Amino acid sequence: MTNQEILTTFREFVGDQIDSAVELSLANQARIELETELKLQCSKKLDTSQTTTVGGIYTTSYTLHADALVPAGTIIYVGEVPYTGVPFEHRERYKNRSGYWYVDLFSGTFHLTGTQNEAKTITFPYITKGTDIAANDTTVLKYPSGLHIIIPMHMARVWFAIDQGEKGRSWLTEWELFYQRTKRAIISWDQSWKLASIGESTPYGETAINSENAINLE
Numbered sequence: 387m388t389n390q391e392i393l394t395t396f397r398e399f400v401g402d403q404i405d406s407a408v409e410l411s412l413a414n415q416a417r418i419e420l421e422t423e424l425k426l427q428c429s430k431k432l433d434t435s436q437t438t439t440v441g442g443i444y445t446t447s448y449t450l451h452a453d454a455l456v457p458a459g460t461i462i463y464v465g466e467v468p469y470t471g472v473p474f475e476h477r478e479r480y481k482n483r484s485g486y487w488y489v490d491l492f493s494g495t496f497h498l499t500g501t502q503n504e505a506k507t508i509t510f511p512y513i514t515k516g517t518d519i520a521a522n523d524t525t526v527l528k529y530p531s532g533l534h535i536i537i538p539m540h541m542a543r544v545w546f547a548i549d550q551g552e553k554g555r556s557w558l559t560e561w562e563l564f565y566q567r568t569k570r571a572i573i574s575w576d577q578s579w580k581l582a583s584i585g586e587s588t589p590y591g592e593t594a595i596n597s598e599n600a601i602n603l604e
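Numbered as in our numbering, the sequence shown ends at 604 without a single skipped number.
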């Protein structure tokens, strides 16, 4: 579906004319909520734009990519060495131990523990923020077009929850069943790609605890 088709379908679902700014806000809220929850394979990117600072320690900062919505997993790479994510508030526990990283979201930076003895490429897998839905005829969603209908449905789901109209125009159980069925179809499509890339074994990575991407089979 094009962006305009998504907006038109939403209007047909709710049977209402809504302010265009509110409409676009609902569309992009739906897109971001779903992509954050599902962490689709088609939304993954690798940032390799930065290298380690020689002599860098746990306070040395590296900039989070502006396009990053959330990390794609708990592992990033320094050269070919995997670094495991740890909580920001526990950085003192790990600061002198190599092989860990933490993020300072307030500052928009991430940090590597231990001391960096040479310059190496940092590979940071992340889920992209993607491109905002706008009032035009382009297509920004990356999963199969037949499943794009979940966006106007998600928009209607939110709109009916906040709309002050009559109860008869509220979100019905039948709508929710169709919404969940469509969502499961997207998850199934995504899992097929994830399983194909790891030899159909889960979890993804060396261990269940420090996996690069634990597949969501719910």
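Where is the CB? At the ideal position from N, CA and C, for every residue including glycine.
Note that this is a predicted model, so its numbers are computed, not measured.
Remark: C-beta atoms of residue 511 and residue 581 do not approach each other more closely than 7 Å.
In the same chain as residue 533, and ignoring 5 residues on each side of it, the C-beta atoms closer than 8 Å to its own belong to 568, 571, 572, 575, in chain order. By the 16-neighbour rule on beta-carbons within 10 angstroms, residue 417 is buried.
Contact check for residue 513 against residue 458 passes: the beta carbons are separated by less than 7 Å.
For residue 515, the closest of 506, 521, 526 by C-alpha to C-alpha distance is 526. Sequence-distant partners of residue 504 (beyond 5 residues in either direction) whose C-beta falls short of 7 Å from its own C-beta, in its chain, are 440. In this structure, the straight-line span from the alpha carbon of residue 448 to that of residue 497 is close to 6 Å. Secondary structure of residue 484 (DSSP, three-state): coil.
Remark: C-beta atoms of residue 470 and residue 460 approach each other more closely than 7 Å. The criterion of a C-beta distance shorter than 7 Å is not satisfied by residue 518 and residue 388. Per DSSP, the unbroken beta strand (DSSP E) holding residue 433 starts and ends at 430 to 437.
CA-CA distance, residue 479 to residue 425, rounds to 29 Å. When Cβ pairs closer than 8 Å are counted between the two stretches, the stretch 476 to 495 is seen not to touch the stretch 535 to 545, the count staying below three. Partner residues in the beta bridge of residue 497, as assigned by DSSP, are 447, 488. Counting of Cβ neighbours within 10 angstroms places residue 412 among the buried residues, the total reaching 16 or more.
Annotation: residue 437 to residue 465 spans about 9 Å, alpha carbon to alpha carbon. Residue 440 sits in coil when the DSSP states are folded into three classes, being neither helix nor strand.
If you ignore the 5 residues before and after residue 428, its C-beta comes within less than 7 Å of the C-beta of 528, 529, all in its own chain and listed in chain order.
In this structure, the straight-line span from the alpha carbon of residue 422 to that of residue 455 is close to 7 Å.
A Cβ-Cβ contact shorter than 7 Å links residue 409 with residue 393.
A residue is called buried once 16 or more other Cβ atoms fall within 10 Å of its Cβ, and residue 492, having fewer, is exposed.
Just measuring C-alpha positions, the residue of 399, 443, 391 sitting nearest residue 562 is 399. DSSP places residue 537 in the helix class (H, G or I) of the three-state scheme.
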